[in-house]
Amino acid sequence: MRVLMIAGNWKMNTTVSEAVSLVNEMRQALDEITGVEKVVCPPFISLAAIRDLIKGTSIKLGAQNLYFEEKGAYTGEVSPLMLAELCEFVIIGHSERRQYFSETGKVVNKKVRAALKAGLKPILCVGEKLEENELGRTIELVTEQLRSSLAGIDYPGSFIIAYEPVWAIGTGKAATGKQANETIGLIRRNISELYGKEAGEDIRILYGGSVTAANAAEFMHQSEIDGALVGGASLKADEFLSIVRQTAEIKGH
Ligand code: PGA
């Protein structure tokens, strides 16, 4: 049985004190919701403070990126070893990193390897751009991204995939539940082909892209979708709590 997950990707938002306030605002209510794994991914500089704040609760912590080397002269970068001391999850290959920081499939692959080696659980993001979607190339693109990100990696164990169509991120134009379910089904079949049927059945695949309290239920009613990676709506305590609550009600066990 796959455990549901709702992860909040705060992106480059919140100062340390704002991050602390946001977690304080929702900590107790979030902690009380069962049947869903709840993850917050604040900016690097807030990880230590949030780790202390959620100690003893059921809330988990993730980072938004990492560098693939363990240490050394890489000014400004953050290594897997540094993160492993602070958090459990790390988002890798987000489309904003691919778009604004030129992350290629090769780099994403190195990052996935480095995260796994350090004992971090990657939340690997894949998704097609609008033009690719309109040309009917979604399946091809997502398959390619998935295969290159995982090339040469033996069964990656407890990692998570987030399907995030680029045209749905931060645009307010979410995919439909049916669209997301279809592509996520395809991703699951890819994982089965790569790592066996059981791996395909076990892997958790989230939908991401303009998920809000108003549309979350549509996604959670789909059979292939195991939760959501939430951007903008994760910065509002009420909204994020509502998404987690709805998920628990619809799919929690
Ligand atoms: P959004 O972002 O919910 O603001 O669209 C999702 C994401 O980029 O992970």
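If you're matching positions, the sequence shown starts at 136 in my numbering and goes up one per residue.
The C-beta atom is built at its ideal place from N, Cα and C for all residues, glycine as well.
The structure presented is a predicted model; accordingly, all values stated were derived computationally and were not measured.
Beta-bridge partners assigned by DSSP to Tyr202: none are found. Annotation note: the segment 248-278 contains the following uninterrupted alpha helix (DSSP H) runs of length 4 or greater, listed N- to C-terminal: 265-269.
Excluding sequence positions up to five before and after Ala363, its CB lies within less than 7 Å of the CB of Ile141, Leu341, Tyr342, Gly343, Val346, Ala351, Phe354 and Ile378, all in the same chain and listed in chain order. Where Tyr342 is concerned, the enclosing beta strand (DSSP E) starts and stops at Arg339 to Gly343. If you ignore the 5 residues before and after Ala253, its C-beta comes within less than 6 Å of the C-beta of Pro215, Leu216 and Ala219, all in its own chain and listed in chain order. Using a cutoff of 7 Å, the CB of Val158 does not count as near the ligand PGA, since none of the ligand's heavy atoms is closer than that. Separation of the CB atoms of Lys246 and Leu182 is rounded to 17 Å, and the pair is thereby denied contact status at 8 Å. Its chain contains Tyr202 as the residues whose beta carbon lies nearer than 7 Å to that of Glu212, once the 5 sequence neighbours on both sides are disregarded; these appear in chain order. Taking C-beta atoms as the reference points, Lys195 and Lys173 count as a pair closer than 8 Å. Leu321 has its CB no nearer than 7 Å to any heavy atom of the ligand PGA. Here DSSP, grouped into helix, strand and coil, assigns Leu221 to coil.
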